[in-house]
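Visitor: When we follow the working numbering, the leftmost residue of the sequence shown carries the number 42, and every step to the right adds one.
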Amino acid sequence: MKILKAPAELQAFALSCKRSGKTIALVPTMGFLHAGHLALIDIARQKADVVIVSIFVNPTQFGPNEDLERYPRDFERDSKLCAERGTDLIFVPNPEDMYCSDASTFVEETKLSQPLCGASRPGHFRGVTTVVAKLFNLALPDYAVFGMKDAQQLLVIKRMVRDLFFPVEIIAAPLIREHSGLALSSRNAYLSADEKSRAVVLSRVLDAAGSALRANGIEVLPGVLESMKHEIKNAGGKIDYVEALDASTLESPTAKTVDLLIALAVYFGKTRLIDNTFVWVKS
Ligand code: PAF
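1. Mind checking which residues open and close the beta strand (DSSP E) that includes residue 317?
2. May I ask which residues mark the beginning and end of the beta strand (DSSP E) holding residue 121?
3. What is the rounded straight-line gap between the Cα of residue 133 and the Cα of residue 187?
4. CB residue 48 to CB residue 205, shorter than 8 angstroms?
5. When the distance is taken between beta carbons, is residue 322 closer than 8 angstroms to residue 301?
6. What does DSSP give as the partner residue(s) for residue 302 in the beta ladder?
7. Tell me where the beta strand (DSSP E) around residue 259 begins and ends.
8. What number of angstroms, rounded off, separates the C-alpha of residue 128 from the C-alpha of residue 45?
9. Under the criterion of a Cβ to heavy atom distance below 7 angstroms, does residue 99 qualify as lining the ligand PAF?
10. Does the segment 268 to 280 come into contact with the segment 148 to 161, if we say contact requires no fewer than three beta-carbon pairs (one atom in each stretch) closer than 8 angstroms?
11. Can we count residue 70 as close to the ligand PAF, meaning its CB is less than 7 angstroms from some heavy atom?
12. DSSP has residue 213 in a bridge; who is on the other side?
13. What's the gap between the Cα of residue 249 and the Cα of residue 293?
14. How is residue 237 classed by DSSP in three states: helix, strand or coil?
15. From which residue to which residue does the beta strand (DSSP E) around residue 100 run?
16. Which of helix, strand or coil does DSSP assign to residue 94?
17. Any idea if residue 221 is buried or exposed, counting beta-carbon neighbours within 10 angstroms, 16 or more meaning buried?
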């Protein structure tokens with residue numbers, strides 16, 4: 042398994058793969074890999090001849106008071122896991138090599154990035170689309186695999202790919218949960234045992250909401266959202282948002298909406314967790 046730091050070296054490697062007719066799958070990550078990431082690598086492995094995993098805690102997607110500095114990092118462990126999963130190359134750049142000090146070009150999606158995490162983390166998605174566009178230009182992937190835990194991120198990236206004609210197929214990988222139902226996230230490492238056990242409420246309310254909406258249709262949505270919020274607060278969660286939006290437009294649902302994204306962001310202690318479910322509702 043190769044490990045490269047320099048952007049130009051990754052691009053040269055990708056070009057040589059292309060010239061020899063090999064397909065490339067990219068798994069963009071911020072490291073501190075968990076079983077969710079490993080499932081993305083497995084999908085990439087099935088899809089392409091060459092699997093590239095990028096590990097980069099991207100500064101531009103963190104707000105000034107967010108956890109950029111303390112974001113968990115463990116490159117040694119990550120590289121072992123990548124090797125075990127059959128990764129061909131890890132790209133682990135330095136921030137100053139990804140962003141020139143006078144960089145003045147950014148990639149911004151302006152619609153799907155506005156609600157949910159876009160509203161509570163201004164600039165976050167601009168940072169994500171900018172770094173993902175850079176990674177696509179360096180790794181030249183035929184496929185790129187993203188997890189559905191970051192459902193809004195996935196929609197924003199798909200829109201960027203469509204709008205800017207990136208020649209890459211985006212593959213959505215299912216969200217992976219612990220036995221308890223807690224969605225896997227590198228940020229779960231911040232949770233105390235008590236916070237972790239209380240955070241189980243998130244998957245429980247999403248499950249219950251999905252069942253209620255599937256059984257009774259969209260009319261019950263206001264009551265469903267209220268009871269989700271009530272249960273989360275009872276478990277000690279501090280709500281950033283609990284919302285249901287049309288899953289393809291991320292606009293408020295109407296009576297005609299059949300495909301809903303129910304998404305939430307909730308703090309347990311200082312840790313902000315996100316989770317979601319997609320629901321086909323009875324029309
Ligand atoms: O989902 C993530 O880990 C990050 O947002 C990504 C896609 C690697 C971009 O930094």
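The beta-carbon is built from N, C-alpha and C at its ideal position, and this holds for glycine as well.
Guide: Looking at the coordinates:
1. According to the DSSP assignment, residue 317 belongs to the beta strand (DSSP E) that extends over 312 to 321.
2. Per DSSP, residue 121 lies in no beta strand (DSSP E); the unbroken alpha helix (DSSP H) holding it starts and ends at 116 to 125.
3. C-alpha separation (whole angstroms): 18 angstroms.
4. Contact: no.
5. In this structure, residue 322 lies closer than 8 angstroms to residue 301 by Cβ.
6. Answer is 286 and 319, bridged to residue 302.
7. Careful: residue 259 lies outside any beta strand (DSSP E) and carries neither H nor E.
8. Just so you know, the alpha carbons of residue 128 and residue 45 end up roughly 13 angstroms apart.
9. Indeed, a heavy atom of the ligand PAF lies less than 7 angstroms from the Cβ.
10. At 8 angstroms Cβ cutoff, the stretches do not touch.
11. Correct: residue 70 has its Cβ closer than 7 angstroms to the ligand PAF.
12. Paired residues: 187.
13. Each residue's Cα considered, the two are about 20 angstroms apart.
14. Looking at residue 237 - three-state DSSP - the assignment turns out to be helix.
15. It is not in any beta strand (DSSP E) - residue 100 carries neither H nor E in the DSSP assignment.
16. If DSSP states are grouped into helix, strand and coil, residue 94 belongs with the strands.
17. It is exposed - the Cβ of residue 221 has fewer than 16 other Cβ atoms within 10 Å.
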